[in-house]
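Taking the numbering used here, I'd label the letters of the first sequence as residues 1016 to 1619.
Glycine included, every Cβ here is placed at the ideal spot set by N, Cα and C.
What follows is a short report on a single structure.
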Amino acid sequence: MSAFTKHNEKRSLDSVLLCVGKSSRSGHLRNCGGLSFTPCVDTEHILPERYTDGSKWRFLEHKGPVFAPPYEPVPSNVKFYYDGKHMRLSPQAEEVATFFAKMLDHDYTTKDIFRKNFFKDWRKEMTSEEKATITDLKKCNFAEMNEYFKAQSEARKAMSKEEKLKIKEENERILQEYGFCIMDNHKERIANFRIEPPGLFRGRGDHPKMGMLKRRIRPEDIIINCSKDSKHPKPPPGTKWKEVRHDNKVTWLVSWTENIQGSIKYIMLNPSSRIKGEKDWQKYETARRLKSCVDRLRAQYRDDWKSKEMRIRQRAVALYFIDKLALRAGNEKEEGETADTVGCCSLRVEHIKLYPEKDGQEYVVEFDFLGKDSIRYYNKVPVEKRVYKNLQLFMENKEPDDDLFDRLNTSILNKHLQELMDGLTAKVFRTYNASITLQQQLKELTTDENIPAKILSYNRANRAVAILCNHQRAPPKTFEKSMQNLQTKIDAKKDQLSDARRELKSAKADAKVRRDEKSKKAVETKKKAVQRIEEQLMKLEVQATDREENKQIALGTSKLNYLDPRISVAWCKKWGIPIEKIYNKTQREKFAWAIDMADEDFEF
DNA sequence: TACACCACTTAGAATTATATCC
DNA sequence: GGATATAATTCTAAGTGGTGTA
C-alpha cells in the first residue's frame, strides 16, 4: 500500500489542522453568470439576500412542463407468451408489460419483492379476461419484447449522421421552448422541465416498494406556479391543469404528487440560476461561521459528556460523531415504507460494536450500518474513554434493534444547535468539515511541480473528503477490464525495463574491457534510458493505484455539494491552474458566483 | 411533542456525448 | 473511421429541516 493510500484512508478529522485565517472580503460581486447579487454586509460576512420578507421572486413566467411521450404499442409481430401460448395484450396491460420487459437484464427482475409488487400492479391494469388468464409471473415470457427494445436501441445507435442531427435539433428546439423561464428580469435555465415518464419504481437497497408501477402524469395532476401578471402556461389541448397558483414564497414552477410514496415532485431551476447560486453561497457562509465558533462548540460537547442528564450526554456523543465522522443527522423514517437505513440520531444498538482494545488501540467503536441510498458505512474508530463509557451506558439493557440514542432525535439536536449558532443544523458540520478538509489537504499536498502533478494533488485532496463523507459508487462495469488493460501496459513496461537493464549491464561490462570514451558514453545513454523507463513505469503504477483507489469512491458528490468552490478557485489562481482542469462546463456554470468572487488569498 | 406535510438539497445509477485508440 | 473507454449529463430517489396543527 502506498503512502498516498494510507494518507487518504482517514475517515475522521483527528489530525486535520484547523487553519485559522482572515476571512476574505473579496468583493467581486458585480456579476454572477450574468446575474447581479444585492449583498447585505454584516460585520463578519457578506450574505446574499434578495428579499427580506421571505419571498423568492417578484415575477415568474414559464411554459409549463414537457410531458412524457404517449405509449406506442409494440408491432404485432412482437409477441408475448403466457404459459407457452401467444397472447395479445390490451394496450394498458401491454404498456406495463414493456416496462418489465425492458428491465429483463437487470438484477431487479430477479428480486422477489420487485416481482411481487410489479405483478400486483400489473394485474390492476389488465382487463378481466387477462386477469383471469395471467395468474403467475413465472409463466410470462417477455423475451420477444425484450429483444425488440434491444434492437430498437441498436437501431438508434446505427442511425445515420443526418438522422441523429435531426433528433438533436428537435431536442434543442424543445429545450429552447420549455427549458427556460423568466424570473425577476432574468432568463434562467430550468433543471428538470420534462415530467418523469411512467415505469417501474426503482428503489435503492431493500426497498419494500420496488417494482411498483409509477403511473403516467397527466395535466390534471399538475400544479402550475407562476406570477399573476405573467403569461400562464397552457395545458395541452383538451386538458386542464389541476391548479394554477401564484406563490412567490417558493421557488418551484411545477409540482405533482407521485403515487409510490405520495410525495410531491417539483420542477425547479438549474444550479446555474441566481436563486440556486445565492442559496449555495449562503450555505458556505453558514459553514464559515461555524468555523469561527467550532472550538467553543467542541469544548461544550466534550463537557456535556459528563452531564448528569442522559439526554444531554446522548446529544453530546451524537454531535461528536456528526462532527468527527461527518455522519448525517438521521431523521426518523416510517417503518416498512422505505429501505431500512439510518443516520446518526437513528443509529441502533446493532449498528455499533465496542472493543476495549483492538489492533493496538484503546476504546474502539466499530460502525456498520446502511446510510442514505443504502450505502454501507463501515468504520473502526478509537474514541475518547468518556465517549466509550457513555456508549456502554446507552447500550445497557437494550435489544439490538433498540435506538442507541433513545432520548434524542434530529429535531432536539437541531434546536440545541440553533441555540449555539444562528442557522446551525447538523448538516452544516458535513459542509464545514468537508470544506476545511479540502483546504487543509490542498495546503499539505500541493507541491511546486508541473500541472498534472498539481491536479493529482487536487484529486487526492478531493478524495480525502469523499472518503470522509463516505461517497461510494458501484465499481464501473468496465472496471476490471480497464484495470487489465493498464496492467498489460505495466507488464510491457516492466519487460522493457529489464531489457534496458540488461543492455546497461552489458554496456558496463563492455566499457570495463574497452576503457574508451565511446563505450563510457554508451553506458550513460543506457543509464538514462533505464531511468526514463523507470519513471514511466512509476507513472503507470501510480495511475493504477489511483484507479484502484477510486474503484468505489465517487468524487463528484463532494465536489458539487460540499466543497466551497471558492477554495478551488483560489487554489487554481494561486498555482496558475486553468479552472477548466478542475470544473467542467456545467460545474463552471453552477459555480460562476465563486469563480467571479474569489481571489487567490480566499480562506474558507 | 408528535406528526403530517412541504420545500428544498444531496445522492448514485443510467444514459448520452466525446475523446482516444487501433 | 469504427470501436471502445471515459467524461459529461440526465434522471429521480432519498435525504434534511422547517412549519403548521392538534
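Distance CB(residue i)-CB(residue j) smaller than 8 Å
i: F1095; j: G1226; result: no
i: S1270; j: K1255; result: no
i: A1569; j: D1614; result: no
i: L1428; j: A1449; result: no
i: A1489; j: Q1456; result: no
i: K1071; j: N1263; result: yes
i: K1202; j: E1235; result: no
i: I1592; j: R1603; result: no
i: T1452; j: L1471; result: no
i: G1351; j: G1386; result: no
i: L1512; j: I1548; result: yes
i: F1082; j: I1210; result: yes
i: E1076; j: S1278; result: no
i: L1369; j: L1406; result: yes
i: C1308; j: M1436; result: yes
i: Y1123; j: R1219; result: no
i: G1345; j: S1361; result: yes
i: F1619; j: R1311; result: no
i: M1423; j: M1410; result: In the sequence as displayed, the identity of residue 1423 is Leu instead of Met. No, Cβ-Cβ distance for L1423 and M1410 is not below 8 Å.
i: A1515; j: A1544; result: yes
i: K1566; j: F1617; result: no
i: D1579; j: Y1378; result: no
i: K1535; j: A1526; result: yes
i: N1274; j: K1229; result: yes
i: A1522; j: V1538; result: yes
i: G1438; j: T1266; result: no
i: S1105; j: T1142; result: yes
i: Y1392; j: N1485; result: yes
i: V1380; j: V1364; result: no
i: F1208; j: I1290; result: no
i: E1140; j: A1108; result: yes
i: L1003; j: K1541; result: Look at the range of the chain in this structure, 1016 to 1619, and you will see that residue 1003 is not part of it.
i: Y1163; j: V1089; result: yes
i: I1367; j: Y1473; result: no
i: A1354; j: D1136; result: no
i: T1148; j: M1102; result: yes
Enclosing alpha helix (DSSP H) for residue i [first to last residue]
i: D1510; result: 1494-1529
i: E1434; result: 1425-1435
i: D1611; result: 1607-1612
i: V1379; result: That residue, V1379, is in no alpha helix (DSSP H); its beta strand (DSSP E) goes 1376-1385.
i: N1132; result: 1127-1140
i: V1480; result: 1466-1483
i: P1106; result: 1106-1117
i: V1332; result: 1325-1340
Residue range of the unbroken beta strand (DSSP E) whose run includes residue i
i: P1371; result: 1367-1373
i: V986; result: Because the chain is modelled from 1016 through 1619, residue 986 falls outside the range shown and cannot be assessed.
i: I1238; result: 1238-1240
Counterpart residues of residue i in DSSP-defined beta bridges
i: H1101; result: Y1096
i: P1397; result: V1379
i: L1228; result: L1215
i: D1418; result: R1363
i: R1233; result: In DSSP, R1233 forms no bridge with anything.
i: Y1622; result: Nothing can be reported for residue 1622, as the shown portion of the chain is limited to 1016 through 1619.
i: Q1454; result: Partner(s): none; Q1454 has no beta bridge.
i: E1076; result: I1197
i: Q1487; result: I1568
i: R1209; result: V1081
Integer-rounded CB distance, given that residue j should sit under 8 Å from residue i
i: A1341; j: R1445; result: 5 Å
i: I1197; j: F1074; result: 7 Å
i: I1238; j: P1080; result: That pair is no contact at about 11 Å.
i: C1155; j: Y1086; result: With a Cβ gap of about 19 Å, C1155 and Y1086 do not count as contacting.
i: W1590; j: K1469; result: 6 Å
i: L1215; j: F1336; result: With 8 Å as the limit, L1215 and F1336 do not qualify as a contact, their Cβ atoms being about 37 Å apart.
i: D1338; j: R1313; result: 7 Å
i: K1078; j: E1185; result: Incorrect: roughly 16 Å between the Cβ atoms, too far for contact.
i: R1328; j: W1320; result: 6 Å
Near the ligand FMN: residue i beta-carbon under 7 Å from a heavy atom
i: K1504; result: Inclusion of the ligand FMN in the displayed structure is not the case, the ligand content being empty and no account of it being possible.
Self-check item: alpha helix (DSSP H) runs wholly inside the stretch 1142-1204, at least 4 long, in chain order
Solution: 1143-1148, 1158-1172, 1176-1193
Quiz prompt | Length at least 4, wholly inside the stretch 1546-1604: the alpha helix (DSSP H) runs in chain order | solution = 1571-1576, 1580-1590
Quiz item: Which whole runs of the alpha helix (DSSP H) in the stretch 1265-1322 are 4 residues long or more, in chain order?
Solution: 1289-1319
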